[in-house]
Every structure is written in structure tokens, then in C-alpha cells.
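Undergrad: Just passing along the structure, written as C-alpha cells.
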């Protein structure tokens, strides 16, 4: 996969940014969960019979949601960039900043749903999934996961749009 002629960017640039954005999102979620837990004196998964995998799996589902959405944005960006270079249009590439709200909402829903399904599987009771989902939604941890997903998506798109001429590596003054 090569970069479009005249784009000044490596073809892997949007995807490397996706990798960094997803790692940033995961680190922010872990940090935010720690602060919320400390400030509210609650556990991330308050149910004692949930088992050790419900919380990490719910968080992992939110991380995977962000990953897949950002890969989709990177693919669309590359497609638009190729079309712009082929058509010799000045600045037709647009980034869907409004999609960050969707990314946040879907990450929130993924966190709640995966946690509820795994809790129901762990306890063996279907109705417990509804109670766990309600508790998880009201506790604030899912909300933090959604808000951070939207914020990281916006940051990703801003960095992607302002990548500069040679975003693959920084240049020393004597290399310019």
C-alpha cells in the first residue's frame, strides 16, 4: 500500500495514529476508572458475584469499538485523499467530527451490553443482566468510557488533519 502521489504522507500514517489513539483511549479509561473509583468509593463492577472478567471484557469491548470506528475513519480518509490527489482538488478531504458523538454512544452501549451479557452468563440469570445494565449505566463508569471515546476520536481526527508534510518522523534542523 503506497501513499498517493503528492500527498507527502506515508500510507500507514492514519493507521499508526489509530494505534496510538486506541492505546491512549485505553490508558485514559483505566486512569479515569481509578479516579472515579477513588472519588466515589465504589468498585468498577459493584456486583460481588460478577467474576474477574466482566469489567475487563466490558472495557475491552469499548476499546474495540473505538478501534473499529477509527479504522473506518482512516480508510475513508485514505480514499478521499486518493480521490483528491487524482482529481487535483485543493482541500476536499473532510473528517467526520460529528461521528465522534456516535463513537462515544456506541462505546457506552458496548460497555453496558457486554458487561450485562457476561454478568448474566456468570450468574446464570437472565433478569440479572437488566439489573446489571441499569446499575452500570447509573454508576458513571460507562459514561466515562463513552465521553473519553468521543474525546479521543476528536483528537485523532484533529491530529490526522494537521499531520504536516512529513508526519512519519520528526526532522532535525539540518535535515530540512
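In this note's numbering, the protein residues as written are 14 to 189.
Note that CB positions come from ideal geometry on N, CA and C, so glycine has one too.
(1) Does any residue of chain B bring its CB to less than 9 angstroms from the CB of residue 149?
(2) Would DSSP call residue 55 helix, strand or coil?
(3) Kindly list the residues whose CB is nearer than 7 angstroms to the CB of residue 148, restricted to its own chain and excluding five residues on each side of it in sequence; keep chain order.
(4) Rounding to the nearest angstrom, what Cα-Cα distance links residue 52 and residue 119 in this structure?
(5) State the DSSP-derived secondary structure class of residue 144, mapped to helix, strand or coil.
(6) So within the segment 21-103, which uninterrupted alpha helix (DSSP H) runs reach at least 4 residues, ignoring any that extend past its ends?
(7) With 16 as the cutoff for other CB atoms within 10 Å, does residue 66 come out buried or exposed?
(8) For the candidate residues 77, 145 and 43, whose alpha-carbon lies nearest to that of residue 61?
(9) For residue 19, which residues of its own chain have a beta-carbon under 7 angstroms away from its beta-carbon, when the five flanking residues on both sides are left out?
(10) Below 8 angstroms on the Cβ atoms is my guess for residue 83 versus residue 31; work out the distance and round it to an integer in Å.
(11) Along the alpha helix (DSSP H) that carries residue 135, what are the first and last residues, could you check?
(12) Which residue from 121, 112 and 137 puts its Cα closest to that of residue 42?
TA: Checking against the coordinates, here is how it stands:
(1) In summary, chain B is missing from the structure at hand, where a single protein chain is found.
(2) coil
(3) 59
(4) 26 angstroms
(5) helix
(6) 26-53 and 67-100
(7) exposed
(8) 145
(9) For residue 19, the predicted structure reports a pLDDT of 47, less than 50, and the residue's modelled location is therefore unreliable. A value from the coordinates is still provided. Result list for residue 19: 98, in chain order.
(10) 4 angstroms
(11) 112-136
(12) 121
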